[in-house]
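Let me begin by presenting the structure, written as structure tokens, before commenting on it.
There are 2 protein chains.
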Amino acid sequence: MLSQIAASEDLVFFRPHQFLTREHDRPEALYDILEGWACRHRLLPDGRRQITALYLPGDLCDPMWSLTPTCHEPVIALTNVRATRKSLVDPSTIDRHKGFSSRLAESVERQSNWLVSLGRKTAVERLAHLLLELFERMRRAGLAYGQQCALPLTQTDIADATGLTAVHVNRTLQSMRSKGVLELHSKWLRIPDLGALRDLAALGPHDAL
Amino acid sequence: MLSQIAASEDLVFFRPHQFLTREHDRPEALYDILEGWACRHRLLPDGRRQITALYLPGDLCDPMWSLTPTCHEPVIALTNVRATRKSLVDPSTIDRHKGFSSRLAESVERQSNWLVSLGRKTAVERLAHLLLELFERMRRAGLAYGQQCALPLTQTDIADATGLTAVHVNRTLQSMRSKGVLELHSKWLRIPDLGALRDLAALGPHDAL
DNA sequence: CCAGTGAGTTAGCCTATGTTAGCGTCGGGC
DNA sequence: GCCCGACGCTAACATAGGCTAACTCACTGG
Numbered sequence: 104m105l106s107q108i109a110a111s112e113d114l115v116f117f118r119p120h121q122f123l124t125r126e127h128d129r130p131e132a133l134y135d136i137l138e139g140w141a142c143r144h145r146l147l148p149d150g151r152r153q154i155t156a157l158y159l160p161g162d163l164c165d166p167m168w169s170l171t172p173t174c175h176e177p178v179i180a181l182t183n184v185r186a187t188r189k190s191l192v193d194p195s196t197i198d199r200h201k202g203f204s205s206r207l208a209e210s211v212e213r214q215s216n217w218l219v220s221l222g223r224k225t226a227v228e229r230l231a232h233l234l235l236e237l238f239e240r241m242r243r244a245g246l247a248y249g250q251q252c253a254l255p256l257t258q259t260d261i262a263d264a265t266g267l268t269a270v271h272v273n274r275t276l277q278s279m280r281s282k283g284v285l286e287l288h289s290k291w292l293r294i295p296d297l298g299a300l301r302d303l304a305a306l307g308p309h310d311a312l
Numbered sequence: 104m105l106s107q108i109a110a111s112e113d114l115v116f117f118r119p120h121q122f123l124t125r126e127h128d129r130p131e132a133l134y135d136i137l138e139g140w141a142c143r144h145r146l147l148p149d150g151r152r153q154i155t156a157l158y159l160p161g162d163l164c165d166p167m168w169s170l171t172p173t174c175h176e177p178v179i180a181l182t183n184v185r186a187t188r189k190s191l192v193d194p195s196t197i198d199r200h201k202g203f204s205s206r207l208a209e210s211v212e213r214q215s216n217w218l219v220s221l222g223r224k225t226a227v228e229r230l231a232h233l234l235l236e237l238f239e240r241m242r243r244a245g246l247a248y249g250q251q252c253a254l255p256l257t258q259t260d261i262a263d264a265t266g267l268t269a270v271h272v273n274r275t276l277q278s279m280r281s282k283g284v285l286e287l288h289s290k291w292l293r294i295p296d297l298g299a300l301r302d303l304a305a306l307g308p309h310d311a312l
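For the protein sequence lines, the chains are G and B, in the order given. For the first sequence, my numbering gives the first residue as 104, with consecutive numbering after it. For the second sequence, my numbering gives the first residue as 104, with consecutive numbering after it.
In structure tokens, the structure reads:
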């Protein structure tokens, strides 16, 4: 039934800051991210920015199109991105896409987790949580090597995802590094002790991650 | 086709703090809230609490059951609640429920808005945003009278929804009251100047509300 | 009638985090 | 080889909001 969903599958590329989807776009395509990271975000009138979702390699990047007829949060590339573009014949068939609803569920649950993080957690907890989540996702995508994985975000990106300041992200990462709970150099993350980081993340007993 | 979805429709009541749905419950019922307010929330191990959704009269309260096979955030009553319980014959038919997917879309978009609020907004902005949203929802439900509506939340509830402290919510509300942008006494909200409050809320140009 | 409880309020102090600003390094483009 | 713009990093200072604690005012229940 794939033919009903994707008329064509093209290989496409994006550079950092390029839009995959603009605000108010109507559903036309899904992107299967092969390489690179992207995010969904929102800007306040005065420039404050909040990242509301991250798309990693292996993720199906759909700006909630099964739910909203028009995209209300732009999606932009954070790094170079290589993806296959699946243009949609009939948007109403989106949800027939393979594994679609379970992916959607994941992403909504993640958003819920972030909500708790932003609302109630300290800087250390937010960072621990975010980095654990990202590591885990990379691992599931087969892109982790032992306790390590790529993490191509700038500290500013991390700040915009965690609701902190770039300066404070730096401070906090420093202190976490010095305590040996994580290493993060030149876009590469290493977590010597998963358990320790987990403890720092103030996860509820049932948080899946 | 209603018969396929709801085997029975009972009138049910809840008292404050009573569970409509517990964590790990499996989908059994939806509640159509006739009267009273409820919320979905999450507790951190040390007691910190974040409210992740509010259910008002007229809302269909479903803890994301179309998405997750098991409820990961409990739903509890904040006030006395009167609702009709629609028990589900076959959970997989949830999404056939009338207007279901558009309600789901709304709730996901709201969650997105809250994310931005918690991540990037000040106390005044968060409160303005929340109160505007609630007033607007009450208005749509036909429960607003002019510029006023019921708002049966305690300041602690408001704090847990906005990621602030009850004390700080109080301080901030005081100052907003004294500036005349809102009145909030004995569970009753009045907004003398919608526009003024809107300005305080730091909404993006395209935030629906 | 009184005790107990939950809610709103206020005050004083404290600290996590924001702000501003500046430095050094790196890599790309010319 | 030189600029220039990102980015990471640091330091000094400023503040929004957290924390603790106390007092009041309903209510509720016995």
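Think of the CB as a built atom: it goes at the ideal place given N, C-alpha and C, for glycine as much as any other residue. No experiment lies behind these values; they were computed from the predicted model shown.
- Per DSSP, G:Val272 is one residue of the alpha helix (DSSP H) stretching across Ala269 to Ser281.
- Under the three-state reduction of DSSP, B:Trp291 is assigned to strand.
- For the options G:Leu146, G:Glu236 and G:Leu191, the alpha carbon positioned closest to that of B:Asn216 is the one of G:Leu146.
- Distance from the CA atom of G:Val219 to the CA atom of B:Pro295, rounded to whole angstroms, is 32 angstroms.
- Per the DSSP secondary-structure output, B:Asp113 pairs in a beta bridge with B:Arg188.
- In this structure, DSSP gives G:Gln153 an extended state, which the three-state scheme calls strand.
- By the rule that beta-carbons nearer than 9 angstroms mark a contact, B:Val219 touches chain G.
- Three or more Cβ pairs closer than 8 angstroms define a contact, and the region 135-150 of chain B falls short of that threshold against the region 240-253 of chain G.
- Residue-level contact check: B:Ser204 touches chain G, since one or more beta carbons of chain G fall below 9 angstroms from its beta carbon.
- Burial check for B:Gly222: the Cβ neighbour count within 10 Å reaches 16 or more, so the residue is buried.
- Here DSSP, grouped into helix, strand and coil, assigns B:Leu147 to coil.
- The DSSP-derived three-state label of G:Leu285 is coil.
- The three-state secondary structure of G:Ala262, taken from DSSP, is helix.
- With respect to the 9 angstroms criterion, B:Leu285 and B:Leu234 are classified as neighbours on the basis of their beta carbons.
- Beta bridge pairing from DSSP links B:Thr225 with no other residue.
- Judged by DSSP secondary structure, B:Leu133 falls within the beta strand (DSSP E) whose first and last residues are Ala132 to Glu138.
- For the options G:Arg143, G:Pro130 and G:Leu159, the alpha carbon positioned closest to that of G:Gly245 is the one of G:Leu159.
- Scanning chain G for C-beta atoms nearer than 8 angstroms to the C-beta of B:Glu239 yields nothing, as the closest lies near 16 angstroms away.
- Residue environment for G:Lys189: buried (at least 16 other C-beta atoms within 10 angstroms of its C-beta).
- Shown in chain order are the members of the region 158-169 of chain B whose Cβ falls below 7 angstroms from a Cβ of chain G: Met167.
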